[in-house]
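Numbering (the numbering used here), first residue to last: 13 to 299.
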Amino acid sequence: MTKRIIMEKLFHESTPFPYSLQKCEVEDMEPVCHIHPHCQITQNLKGKIAYRIDEQQIWLEEGDILLINSHIPHACEAEEKSIRRNMGFYPEMLEVGTYCKAYDSFLRILYSNMYPYILLKKVDCDRMHITEILEEIFSIPEKGYIAVDGLIHNRIVDISIALIQWMVKKENKDIQRINGVLCRSMEYIEANCREAIKIRDVAEAAGLNSSYFSHCFKKNMGISFKQYLNRKRLEAAAIELTTTEEQISYIAFSCGFGSVTSFYQNFMDFYKLSPKRFRELNTKITS
Numbered sequence: 013m014t015k016r017i018i019m020e021k022l023f024h025e026s027t028p029f030p031y032s033l034q035k036c037e038v039e040d041m042e043p044v045c046h047i048h049p050h051c052q053i054t055q056n057l058k059g060k061i062a063y064r065i066d067e068q069q070i071w072l073e074e075g076d077i078l079l080i081n082s083h084i085p086h087a088c089e090a091e092e093k094s095i096r097r098n099m100g101f102y103p104e105m106l107e108v109g110t111y112c113k114a115y116d117s118f119l120r121i122l123y124s125n126m127y128p129y130i131l132l133k134k135v136d137c138d139r140m141h142i143t144e145i146l147e148e149i150f151s152i153p154e155k156g157y158i159a160v161d162g163l164i165h166n167r168i169v170d171i172s173i174a175l176i177q178w179m180v181k182k183e184n185k186d187i188q189r190i191n192g193v194l195c196r197s198m199e200y201i202e203a204n205c206r207e208a209i210k211i212r213d214v215a216e217a218a219g220l221n222s223s224y225f226s227h228c229f230k231k232n233m234g235i236s237f238k239q240y241l242n243r244k245r246l247e248a249a250a251i252e253l254t255t256t257e258e259q260i261s262y263i264a265f266s267c268g269f270g271s272v273t274s275f276y277q278n279f280m281d282f283y284k285l286s287p288k289r290f291r292e293l294n295t296k297i298t299s
């Protein structure tokens, strides 16, 4: 993947709110499946850009915005000289103020596997003022303000609230009840995904019987409990593959898989690459 960086601002763990801002022109892009530990919002500024996510081809016309949640495998290809801007941040570090606490738990749903990605067409971005907010965010580092990361954090919260409002209107379902049930179940799965947990354990944590929980979870998440559990285990494995030198068999068992064969099958199905090849590619990719 070759890019010409037009503008880049990177702030990592040493700041209270780490984020990245990048504007780049694509010169020659080879689509390679990779992941980010952070959430990424991309806006196409010029040309055509295509993303491959969950076996779907997603085209971004000029002005369109794509949100890709953390640890979602994706590949990107674009026309030569296409220009895009990327913003990266960690959703778990977003904090809403006292008067917006009603949105707090909705952030878990927005930035979860329930929405591997969200595509907003230009007309929606303009109507929701998201393009306007992005332009402001990208201009903030140049203005000499104090607590720049705090200002950017607050504007990302504004984008998140706009997306939640869009999500609630679009889904047209009992989002309040869904929100509580899914949040409790996702919290339990994330905390225990490396253990041999069963659906009855998660259902009990969510306050439902196993049968109804299974139905509710799949209906609203789009995947079964077992698939979601495996995805969380795969996310953990992907992080270890790219940040440690542990043997693949050790990673498989430490992330909750019962056998190396099961791990390889699930990994290939989700990432379309072997764990070894995934490690090789993703230790080199920085975009």
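Ideal Cβ positions, reconstructed from N, Cα and C, are used throughout, including at glycine.
This structure is a prediction, so every number in the text was calculated from the model and none was measured.
Continuous beta strand (DSSP E) stretch holding residue i: start and end
i: residue 89; result: 86-90
i: residue 280; result: Unbroken run through residue 280 is the alpha helix (DSSP H), 272-283; no beta strand (DSSP E).
i: residue 142; result: Here residue 142 belongs to no beta strand (DSSP E); instead the alpha helix (DSSP H) covers 142-151.
i: residue 139; result: Element bounds for residue 139: not the beta strand (DSSP E) but the alpha helix (DSSP H), 134-139.
i: residue 100; result: 95-101
i: residue 80; result: 77-80
i: residue 72; result: 68-72
i: residue 63; result: 61-65
Residue i - containing alpha helix (DSSP H), residue span
i: residue 119; result: 116-122
i: residue 235; result: Run containing residue 235: none; DSSP gives neither H nor E here.
i: residue 58; result: Run containing residue 58: none in the alpha helix (DSSP H); it sits in the beta strand (DSSP E), 51-58.
i: residue 290; result: 287-294
i: residue 262; result: 260-266
i: residue 217; result: 211-218
Close Cβ partners of residue i (< 6 Å) along its chain, the five nearest in sequence each way excluded
i: residue 173; result: 115
i: residue 56; result: 72, 74, 76, 96
i: residue 140; result: 174
i: residue 230; result: 236
i: residue 159; result: none
i: residue 110; result: none
Beta-carbon contacts of residue i that lie in its chain and below 8 Å, excluding the five residues immediately before and after
i: residue 281; result: none
i: residue 235; result: 125, 243
i: residue 286; result: 276, 279, 280
i: residue 284; result: 45, 85
i: residue 258; result: 252, 266
i: residue 298; result: Summary for residue 298: the model assigns pLDDT 41, below 50, so the residue's position carries little reliability; its value from the coordinates is reported in the next sentence. Nothing listed; no residue qualifies.
CB of residue i within 8 Å of CB of residue j, strictly
i: residue 224; j: residue 233; result: no
i: residue 350; j: residue 97; result: What is shown of the chain runs 13 to 299, which leaves residue 350 out entirely.
i: residue 46; j: residue 221; result: no
i: residue 33; j: residue 150; result: yes
i: residue 146; j: residue 105; result: no
i: residue 153; j: residue 66; result: no
i: residue 204; j: residue 242; result: no
i: residue 77; j: residue 142; result: yes
i: residue 255; j: residue 291; result: no
i: residue 263; j: residue 237; result: no
i: residue 144; j: residue 167; result: no
Residue closest to residue i, alpha-carbon to alpha-carbon, out of the options
i: residue 267; options: 256, 65, 252, 277; result: 252
i: residue 103; options: 165, 43, 46; result: 165
i: residue 37; options: 28, 29, 58; result: 58
i: residue 289; options: 209, 260, 269; result: 260
i: residue 228; options: 284, 195, 128; result: 195
i: residue 64; options: 44, 168, 81; result: 44
i: residue 171; options: 257, 137, 208, 180; result: 137
i: residue 113; options: 94, 176, 263, 133; result: 176
i: residue 207; options: 69, 117, 286, 270; result: 270
i: residue 193; options: 180, 118, 264, 134; result: 118
i: residue 93; options: 35, 148, 132; result: 35
i: residue 133; options: 284, 178, 155; result: 178
i: residue 198; options: 272, 257, 181, 226; result: 226
i: residue 130; options: 110, 91, 155, 182; result: 182
i: residue 69; options: 81, 90, 82; result: 90
Same chain, Cβ closer than 7 Å to residue i, five either side skipped, listed in chain order
i: residue 201; result: 214, 240, 241, 244
i: residue 161; result: 23, 27, 28, 29, 31
i: residue 169; result: 106, 108
i: residue 163; result: 152, 157
i: residue 246; result: 278, 279, 282
i: residue 48; result: 82, 100
i: residue 272; result: 261, 264
Q.
Below 8 Å, how does it come out for the region 60-78 and the region 114-126: are there three or more Cβ pairs, yes or no?
A. Result no; under three Cβ-Cβ pairs closer than 8 Å.
Q: Count the CB pairs spanning the region 34-53 and the region 85-98 that are closer than 8 Å, and state whether there are at least three.
A: The region 85-98 and the region 34-53 touch, with three or more beta-carbon pairs separated by less than 8 Å.
**Q.** Given 8 Å, three or more beta-carbon pairs between the region 248-264 and the region 211-231
**A.** Taking one beta carbon from each stretch, the region 248-264 and the region 211-231 have fewer than 3 pairs nearer than 8 Å; the two do not touch.
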